[in-house]
Amino acid sequence: MNTYTDLEDINDLQALIQEGRNQKKAPLAQKNLGQHKTLAMLFFNSSLRTRLSTQKAARNLGMEVMVINFNQDGWQLEFEDGTVMNADKAEHIKEAAAVISQYADLIGLRAFPSLKDREKDYSEILLKSFAKYATVPVINMESATAHPLQALADAITIEEQKNTPNPKVVLTWAPHPKALPQAVPNSFVKMMKLMGADLTITHPHGYDLAPEIVGNVPVFHNQEEALKGADFVYAKNWSSYQDYGQVLSQDENWMVTMEKLGKAKFMHCLPVRRNVVVEDAVLDSTQSLVIEQANNRTWAAQAVLKELLTK
Ligand SMILES: NCCC[C@H](NC(=O)CCC(=O)O)C(=O)O
Ligand SMILES: NC(=O)OP(=O)(O)O
Numbered sequence: 000m001n002t003y004t005d006l007e008d009i010n011d012l013q014a015l016i017q018e019g020r021n022q023k024k025a026p027l028a029q030k031n032l033g034q035h036k037t038l039a040m041l042f043f044n045s046s047l048r049t050r051l052s053t054q055k056a057a058r059n060l061g062m063e064v065m066v067i068n069f070n071q072d073g074w075q076l077e078f079e080d081g082t083v084m085n086a087d088k089a090e091h092i093k094e095a096a097a098v099i100s101q102y103a104d105l106i107g108l109r110a111f112p113s114l115k116d117r118e119k120d121y122s123e124i125l126l127k128s129f130a131k132y133a134t135v136p137v138i139n140m141e142s143a144t145a146h147p148l149q150a151l152a153d154a155i156t157i158e159e160q161k162n163t164p165n166p167k168v169v170l171t172w173a174p175h176p177k178a179l180p181q182a183v184p185n186s187f188v189k190m191m192k193l194m195g196a197d198l199t200i201t202h203p204h205g206y207d208l209a210p211e212i213v214g215n216v217p218v219f220h221n222q223e224e225a226l227k228g229a230d231f232v233y234a235k236n237w238s239s240y241q242d243y244g245q246v247l248s249q250d251e252n253w254m255v256t257m258e259k260l261g262k263a264k265f266m267h268c269l270p271v272r273r274n275v276v277v278e279d280a281v282l283d284s285t286q287s288l289v290i291e292q293a294n295n296r297t298w299a300a301q302a303v304l305k306e307l308l309t310k
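Counting in numbering that gives the first Met the number 0, the sequence shown tops out at residue 310, every number present.
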């Protein structure tokens, strides 16, 4: 693995999941691997889990970490080629990426989509420009359309928690007051396909994810029907892909309740809006995996950092 911009960068998924589980058992077993190496983490958006778990993972491997909140502390970046930079953008990605590459051995990036221009968001201009102009590996810490570190933590969580060889996994849309990205569901669907999981997707009309990502995964518009016999229920809100970035429904009947969950385990990437996405009773029950899922973010990041350090 030379970079971790999306799940396609993974050479051997089972080995990477196993590596994450090994790191969890012995977090400091390779504490000198990253000695004198630095991870620079660039945040264009808020984060709790990604920021802290990735730092923790890097430190467990002996790395130094530098963090910059780009919107507050960095210069506004220009990504287009050949522009006359006489407006608000002070620095071109060509210089910024080349300069950061001299200070750091790995660069992590978080940058959400605009949710205004689908073509532009799905072109992943920020992530791809960094990957192009940086001379060190780039790690996706949630880009416009993908969250591969989250998906790896989700895969580790399902592997740890499953009681049958091929459990039924249901990804359900859930209501939310704001327009949210498709990054988490996109990467979750891709990951479940890579794992060969028994995946079902359920969402209201108008919320289909990108067809090239969904492929032939069964999609139900009846949530109750989809949830029948589920072993894992993964809830997430996302805004519309077709009517790009729009909130078409806030139907509270789609909230995950204990009654709907049945015997299944509950997953969510967090942060989660209580009693909007999912009711308290679910999050406060022993069937909720959300805290363990967030714990696994460290081990997923540590597995990825290890691969990138030893490539
Ligand atoms: N990194 C995990 C999720 C990040 C983001 N959620 C959010 O922005 C929630 C914000 C709120 O609830 O106000 C998303 O859906 O992609
Ligand atoms: N799940 C996740 O990525 O959380 P943060 O947005 O807090 O990093």
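Heads up, the beta-carbon is just placed ideally off N, CA and C, and yes, glycines get one too.
Asked	Found
Buried or exposed by the 16-neighbour rule on C-beta atoms within 10 Å, applied to Arg-117	buried
Ser-100 CB to nearest heavy atom of ligand 2 below 7 angstroms	no
Those runs of the beta strand (DSSP E) which lie wholly inside the stretch 233-303 and span at least 3 residues	264-266
Touching by the beta-carbon criterion (3+ pairs, under 8 angstroms), the stretch 97-105 and the stretch 26-41	yes
Neighbourhood of Ala-96 by C-beta, 6 angstroms cutoff - its chain only, sequence neighbours within 5 removed	Phe-129, Tyr-132 and Ala-133
Pro-270: CB within 7 angstroms of a non-hydrogen atom of ligand 2	yes
Cα-Cα separation, Asp-279 to Ser-287	10 angstroms
The stretch 224-240 in contact with the stretch 155-173 per 3-pair CB rule at 8 angstroms	yes
Arg-50 Cβ short of 7 angstroms to ligand 2 heavy atom set	yes
Gly-19 burial status per 10 Å Cβ neighbour count (16 or more: buried)	buried
Beta-carbon proximity check, Leu-208 vs Asn-236, cutoff 8 angstroms	no
Alpha-carbon to alpha-carbon, Lys-93 and Asp-80	9 angstroms
Glu-306 Cβ short of 7 angstroms to ligand 2 heavy atom set	no
Residues that DSSP places opposite Arg-109 in a beta bridge	Phe-42
Integer Cβ distance of Thr-156 from Gln-249, believed to fall under 8 angstroms	The Cβ separation is near 28 angstroms, so there is no contact.
Check: His-146 C-beta below 7 angstroms from any heavy atom of ligand 1	yes
Option in Leu-47, Lys-55 and Arg-58 with minimal Cα separation from Arg-109	Leu-47
Proximity to Gln-54 [Cα-Cα], best of Leu-307, Lys-310, Met-194 and Gln-301	Gln-301
Whether Gln-328 touches Trp-298 by CB criterion (8 angstroms)	As shown, the chain starts at 0 and ends at 310. That puts residue 328 outside it, with no answer to give.
Whole alpha helix (DSSP H) elements within the stretch 20-86, 4-residue minimum	48-59 and 69-72
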